[in-house]
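Below: the structure, in structure tokens.
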Amino acid sequence: MPSVLDRVIERELRRELKDALIRFEQQLRQAGVTEENVKNRMRGAKQFVAFLYGRYLG
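Heads up: the sequence shown is residues 29 to 86, going by the numbering used here.
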């Protein structure tokens with residue numbers, strides 16, 4: 029069973045990753061990237077984040 033500290037770290041990590049994805053999407057839109065390319069790049073970024081998070085968990 030994860031400790032309280034482990035749960036706090038996991039929650040903060042999820043929040044940081046979510047915030048990073050939001051900032052990445054905003055930067056793409058501000059740079060004038062087309063909607064289709066934004067969707068494709070966000071899909072790749074989310075897959076990468078899922079990979080990193082999976083590596084962190086185990």
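Just so it is clear, CB atoms sit at the ideal spot from N, CA and C, and this is done for glycine as well.
Can you grab the Cα-Cα spacing for the pair L49 / Q55, in whole Å? Cα-Cα distance, rounded: 10 Å.
Are the stretch 62-81 and the stretch 35-49 touching, with three or more C-beta to C-beta distances below 8 Å? Touching, per the Cβ criterion.
I'd like to know whether the C-beta atoms of Y81 and L33 end up nearer to each other than 8 Å. Contact flag unset, no.
To the nearest angstrom, report how far apart V36 and K74 are at their CA atoms. In a straight line, the C-alpha of V36 is about 22 Å away from that of K74.
Apart from the five residues on each side of it in sequence, which residues of its chain come closer than 7 Å, Cβ to Cβ, to E53? Around E53: V66 and M70.
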